[in-house]
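Residue numbers (my numbering): 404 to 607.
Where a beta carbon is used, it is the ideal one built from N, C-alpha and C, also for glycine.
No experiment lies behind these values; they were computed from the predicted model shown.
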Amino acid sequence: MSENEFWNKRYQSPGYLFGKEPAQFLKEQAVRLPKAARILCVADGEGRNSAYLASIGHQVTAFDRSELGVAKARALAEELGVSVDYHIADISDWDWSQDYDVVVAIFIQFAAPELRDQILRWLAQAVSPGGMLLLHGYVPRQLEYGTGGPPNAANMYSVEMLESMFAEFEIQRLEDYDREVDEGRGHSGRSALIDLVARKPAKD
404 MSENEFWNKR YQSPGYLFGK EPAQFLKEQA VRLPKAARIL CVADGEGRNS AYLASIGHQV
464 TAFDRSELGV AKARALAEEL GVSVDYHIAD ISDWDWSQDY DVVVAIFIQF AAPELRDQIL
524 RWLAQAVSPG GMLLLHGYVP RQLEYGTGGP PNAANMYSVE MLESMFAEFE IQRLEDYDRE
584 VDEGRGHSGR SALIDLVARK PAKD
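And the structure:
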C-alpha cells in the first residue's frame, strides 16, 4: 500500500479522524500570530487547523497528499464559511521557494529521519524573514502511550534536535511535556508532546 493509499484509507471513514477542532497547541499559540498573516499549513489532513486559522482572520494556504483529506478540508471550510487555498500535493513536491508570515506543521511525523530533517529545512526556508514557525508533534516516549502518531521513535522530535535544526531562529517556546489529548479518534489519551514556536531573524 502506498502512503497516499494509506492516508486515503484512514480518511474514508465517516466523520473527521482528528475531529473538527484545531489542535490545542494551535489554539493556545494563536495569540502570538500577527494579524491577517499569510499562513502555510503543511500536510494539513482534513483541514481542522487551516479552517480554524482562516476563521480567525488569516490568509491560509494548505496542502496534503490525500485527495480525501483535502476534500474533507474543503467541506469543513465551507461549513465554517471561510476561504482556504487548498492543494493536493506531496510534501516533497511542494514549492518551498514561496515564503509565508507563519508556517504551521502539526503532527506531520510520517517521514524517516533523512526526509524528516529535509522537511525541517524546508519549513525553515518557507518562513519569511521576521516570520514564525509553529511545530507540534511527538517525542519518542509516545510509543509507551500508543495514543497516536507514528510507530517509529526515529520519526519523532527531541528538544536537542529542534534546537540544532532551528539554531538560527529565536526560540520563543520549546517544551517536551505530557498531556491528555482529545482530538478525534486519531489522537486520544495521554500523549508525549513537543512544541516549538520560533521566529526567523528579520533581514538587516
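Straight across, the Cα-Cα distance linking Pro425 with Lys606 is about 32 Å. Nearest neighbour of Gly534 by Cα position, chosen from Leu420, Glu431, Ala439, turns out to be Ala439. In the three-state reduction of the DSSP assignment, Pro554 falls in the coil class, being assigned neither a helical nor a strand state. If you draw a straight line from the Cα of Tyr455 to the Cα of Met564, it comes to about 29 Å.
With respect to the C-alpha of Thr550, the residue from Pro516, Arg435, Ser591 having the closest C-alpha is Ser591.
When DSSP states are grouped into helix, strand and coil, Ser495 belongs to the coil group. Between Asp520 and Met559, the gap from beta carbon to beta carbon reaches 9 Å or more.
In the displayed model, Glu563 falls within a helix according to three-state DSSP. Rounded to the nearest whole angstrom, the CA to CA distance from Lys475 to Glu449 is 5 Å. Ranked by Cα distance from Trp525, the first of Ala446, Asp579, Tyr580 is Ala446.
Nearest C-alpha to Pro532 among Asp502, Gly540, Arg435, Ser594: Asp502.
Around the beta-carbon of Ser453, 16 or more other beta-carbon atoms lie within 10 Å, marking it buried. Across the structure, Ser561 and Tyr489 are spaced so that their CA atoms are roughly 30 Å apart. For Gly472, the secondary structure class from DSSP, reduced to helix, strand or coil, is helix.
If you check the CB distance, Arg576 and Gln427 do not come in under 9 Å.
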